[in-house]
Amino acid sequence: MKKGFSLLELIFVILIIGIILSQSIYRNNLSKIQLAKNQIMLHLKYARYVSMIDNKYNYKNNKWFKKRWSLKFMNCQSSIGGVYYVLYNDLDSNGAVKKEETLRDPLTNNYIYSFQCVKDDLYDKSKFVLLTKEYGITRVEVSCNKTSTIGQITFGIDGKIYARNGEKESDYEIKELCTIKLFDKNSKLETIKIYPNTGYIEG
Numbered sequence: 342m343k344k345g346f347s348l349l350e351l352i353f354v355i356l357i358i359g360i361i362l363s364q365s366i367y368r369n370n371l372s373k374i375q376l377a378k379n380q381i382m383l384h385l386k387y388a389r390y391v392s393m394i395d396n397k398y399n400y401k402n403n404k405w406f407k408k409r410w411s412l413k414f415m416n417c418q419s420s421i422g423g424v425y426y427v428l429y430n431d432l433d434s435n436g437a438v439k440k441e442e443t444l445r446d447p448l449t450n451n452y453i454y455s456f457q458c459v460k461d462d463l464y465d466k467s468k469f470v471l472l473t474k475e476y477g478i479t480r481v482e483v484s485c486n487k488t489s490t491i492g493q494i495t496f497g498i499d500g501k502i503y504a505r506n507g508e509k510e511s512d513y514e515i516k517e518l519c520t521i522k523l524f525d526k527n528s529k530l531e532t533i534k535i536y537p538n539t540g541y542i543e544g
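Count the sequence shown with our numbering and you get residues 342 to 544, in order.
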C-alpha cells in the first residue's frame, strides 16, 4: 500500500513538472512580436475593465469625457527612435500625458508610462511600454487613428470605443472593426482586433 501511494505521488510530481515545463517551453517559443501583442492586449483589456468600473461622467463638466481611460501609441524622441505607448486619462483636460495620470501595472506596480522613451533614475515606469527597445517593434499601424500621433483607443463605461476625445461625447466613436498592426524589423506582422459597441479585444 505504501509503495502504491509513493508511485501515485511520483506520477503527480511528474505531471506537475510536465505542466510547468510545457508552459515554459511555450513562452520561450513565442517570438518577441507575439509577446508584444500579448502585452498590449493585456493592457487594453485592463483599460477596458477600469473604464467600466470608473465612471467619469460629471454633468457639471461639459468636457468630462476627456477623462476617459485611453491607450495611446506614440513615437519616441527623435534622438532615441522607436515607438511606445501609455495608458492614461486626461485629468486636467490639457491633452498632455503626465505620469500621475497613468495607470499602474497591476503586476509590477510601475506606471504604464514613458516620457518619449527617455530613461531616468526613478525606475517606476514599466519597461514593457517601450515597444522598440523591449520587443523590436519598428512600426505600429492603428486603422482607426484620428490623432496626430500613431493612434489611440479610448474606452467608455458603456463598452463603446473612441479614436480620440472630441468636443462632444459622441465625437470620434469607432463604429467599425479597429485593428492594431505590429511590425518588426523582419516585417513580421501581428494584429490585434478591437470590436465596436462592446470594445471586445482579440488577437
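Even for Gly, the Cβ is constructed at its ideal location relative to N, Cα and C.
All figures in this text were calculated on a predicted structure; none of them were measured in a lab.
Taken atom to atom, the span from the alpha-carbon of Y390 to that of K466 is near 21 Å. From the listed residues D461, R480, Y476, the smallest Cα separation to K522 is found for R480.
DSSP places S411 in the uninterrupted beta strand (DSSP E) bounded by 411-416. For T443, the pairing in a beta bridge is given by DSSP as Y429.
Taking C-beta separations shorter than 7 Å and ignoring five residues to either side along the sequence, the partners of K386 in its chain run I542, following chain order.
For T520, the pairing in a beta bridge is given by DSSP as K534. Between the alpha carbons of L471 and V438 lies a gap of roughly 16 Å. Inclusion of T490 and Y503 in the CB contact set at 8 Å is not warranted, their separation being larger than that value.
For E441, the closest C-alpha among the options N399, L428, Q493 is that of L428. Under a 10 Å Cβ-count criterion, T473 is classified as buried, with 16 or more other Cβ atoms of the shown protein chains found around its own Cβ.
Distance from the Cα of L448 is smallest, within the candidate group N527, P537, L383, K516, for L383. In terms of Cβ geometry, Q493 and V459 do not form a close pair [threshold 8 Å]. When the five nearest sequence neighbours on each side are left out, the beta carbons in the same chain lying within less than 8 Å of the beta carbon of K397 are those of W405, F406, K408, R409, N430, I498, in order along the chain. For E482, the enclosing beta strand (DSSP E) starts and ends at 478-483. By the neighbour-count definition (other C-beta atoms within 10 Å, threshold 16), G540 is a buried residue.
Secondary structure note for Q493: its beta strand (DSSP E) is the uninterrupted segment 492-496. If you ignore the 5 residues before and after L444, its C-beta comes within less than 6 Å of the C-beta of L428, I453, all in its own chain and listed in chain order.
Taking a 10 Å sphere around the C-beta of Y464, we find fewer than 16 other C-beta atoms and assign the residue as exposed. Taking C-beta separations shorter than 7 Å and ignoring five residues to either side along the sequence, the partners of Y536 in its chain run L518, following chain order.
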